[in-house]
């Protein structure tokens with residue numbers, strides 16, 4: 001072999017060895033996450049949205065991801081002190097939230113679940129005077145609770161989309177003596193009392209017929225939530241997976257066709273739970289809820305409480321202290337009396353939707369993913 005060829009071979013061999021040993025950036029494997037640290041951040045409540053954004057989206061909402069878990073070797077970050085304002089109003093954002101359940105609203109009630117227009121007005125007026133501010137069911141389950149400091153959230157839910165809930169006259173004005181008309185009037189008379197509610201609707205949408213799309217869009221445009229209550233209001237506990245999904249999906253299809261939006265929450269007819277809760281929570285891209293509501297008998301836990309179950313949110317029947325269904329203890333009048341007598345048990349806002357303020361003694365009840373937002377006193 002000529003001498004120059006030998007030298008070239010030695011140089012080539014040396015370059016190959018150096019290329020294998022010198023440090024350098026390895027190519028990224030397919031599927032590697034570029035910013036893995038971002039996934040480990042504790043979940044935060046979504047920022048407060050405008051009323052038009054809350055009830056629905058243009059596609060089926062995704063199921064919220066499970067909160068990240070801190071490594072056991074890492075000590076939890078110290079909880080910061082509450083603001084002077086939170087202390088002054090005795091904020092407790094781990095307190096209970098009443099979710100009131102209404103059915104037909106009529107001038108003269110006929111059935112046991114009916115409420116008169118006078119009874120509805122009186123109850124809403126009481127809520128306003130006792131410092132409650134209505135929020136939607138979607139805002140509750142997502143933690144988007146934006147009410148003034150010292151005030152208390154309440155969720156008003158109306159089941160079955162009956163004509164007494166809402167209607168529009170020939171001029172497009174809200175029909176008088178409907179639930180919406182009464183709620184709007186109470187809000188006008190009580191500044192700070194927000195005119196909003198969640199309507200769990202069935203196939204016959206407020207008896208509006210061909211004007212149903214107009215009615216739903218009016219409600220959404222004015223900050224109300226349209227939510228799913230199945231097509232025919234059947235007992236889902238007696239139905240197969242296919243039957244459950246047909247009832248829920250059929251109603252979802254209709255709402256989407258009329259509004260261009262999917263719903264965010266669902267309520268079981270009769271409070272009857274199907275054999276598997278997952279059937280009612282999601283069905284591919286057809287529907288996917290953020291929370292599911294029961295018929296109920298007690299206030300809901302705070303969404304920041306580790307005991308809160310977004311798939312089984314409890315409600316309270318609107319009724320006075322009557323014997324039926326043990327309403328002397330478990331219907332709205334009794335519960336509002338109890339919370340008024342025990343103000344430390346109800347949710348009281350610190351005025352800042354980006355923090356969760358409460359007495360230090362409640363720290364053990366806080367959901368772990370909200371620790372970074374916690375403020376105690």
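In full-length UniProt numbering, the protein residues as written are 1 to 377. Ideal placement from N, C-alpha and C gives every residue a C-beta, glycine not left out.
Under three-state DSSP, which class holds residue 202? coil
Tell me, to the nearest whole angstrom, how far the beta carbon of residue 306 is from that of residue 354; I am working on the premise that it is less than 8 angstroms. That belief does not hold up - the Cβ atoms of residue 306 and residue 354 are roughly 20 angstroms apart, past 8 angstroms.
Residues near residue 19 by beta carbon distance below 6 angstroms, same chain, minus five either side: Model confidence at residue 19 stands at a pLDDT of 41, short of 50, so the residue's coordinates are unreliable; what they give is reported in the following sentence. No residues qualify anywhere along the chain.
Residue 133 (DSSP reduced to helix, strand or coil): strand
Going by alpha carbons, who is nearest to residue 213 out of 260, 193, 194, 170? 260
If you run the structure through DSSP and keep just helix, strand and coil, what is residue 81? strand
How would you label residue 230, buried or exposed, when you count the other beta carbons within 10 angstroms and need 16 or more for buried? buried
Exposure label - residue 164; buried when at least 16 CB within 10 Å: buried
Measure the CB-CB distance between residue 332 and residue 156 and report whether it falls below 8 angstroms. no
Would you identify the three-state DSSP class for residue 57, choosing helix, strand or coil? In this prediction, residue 57 scores a pLDDT of 45, lower than 50, which makes its location untrustworthy; the coordinate-derived value is nonetheless stated afterwards. Residue 57 falls in the strand class under three-state DSSP.
Is it buried or exposed for residue 303, if we count other Cβ within 10 angstroms and need 16 for buried? buried
Among 238, 197, 86, which has the Cα closest to the Cα of residue 219? 197
Kindly list the residues whose CB is nearer than 7 angstroms to the CB of residue 294, restricted to its own chain and excluding five residues on each side of it in sequence; keep chain order. 268, 271, 312, 313, 314, 315
Beta carbon proximity, residue 321 to chain B, threshold 8 angstroms: No chain B is present in this structure, which holds just one protein chain.
Specify the secondary structure class of residue 325 as computed by DSSP and reduced to three states. helix
So who's on the other strand from residue 291, going by DSSP bridges? 265
Span separating the alpha-carbon of residue 123 from that of residue 291: 26 angstroms
Nearest to residue 264 by alpha carbon, out of 370, 278, 138? 138
To which residues of the same chain is residue 334 closer than 8 angstroms at the C-beta, ignoring the five residues directly before and after it? 321, 327, 328
Over the uninterrupted beta strand (DSSP E) stretch that includes residue 208, give me the two end residues. Premise fails: residue 208 is in no beta strand (DSSP E) and is neither H nor E.
Looking at the unbroken beta strand (DSSP E) that takes in residue 159, where does it start and where does it end? 152-159
Three-state secondary structure assigned by DSSP to residue 187: helix
I'd like to know if the region 180-191 and the region 82-101 are in contact, where contact means that at least 3 CB-CB pairs between them fall below 8 angstroms. no
Residues that DSSP places opposite residue 101 in a beta bridge: 157, 317
Taking the continuous alpha helix (DSSP H) assigned at residue 332, which residues delimit it? 332-341
Between which residues of its own chain and residue 363 is the CB-CB distance below 8 angstroms, once the five residues before and five after are set aside? 79, 374, 376
Pairwise C-alpha distance: residue 86 and residue 309: 26 angstroms
Could you give the residue range of the beta strand (DSSP E) that holds residue 145? Unbroken run through residue 145: none, as it is neither H nor E.
Report the option in 193, 275, 347 whose CA atom is closest to the CA atom of residue 126. 193
Where residue 273 sits in the DSSP three-state scheme: coil
On a Cα-Cα basis, can you pick out the residue from 216, 176, 352 that is closest to residue 106? 176
Three-state class that DSSP yields for residue 376 in the structure shown: strand
Just the C-alpha distance for residue 330 and residue 211, rounded to the nearest angstrom, thanks. 38 angstroms
Assuming residue 358 is part of the beta strand (DSSP E), what are its boundary residues? 356-358
What does DSSP give as the partner residue(s) for residue 238 in the beta ladder? For residue 238, which the question treats as bridged, DSSP gives no partner whatsoever.
So what's residue 31 in DSSP terms, helix, strand or just coil? Note that residue 31 scores 34 on pLDDT, short of 50, meaning its location in the model is unreliable; the coordinates nonetheless yield the value given after this. In the structure shown, residue 31 sits in coil (DSSP, three-state: anything other than H, G, I, E or B).
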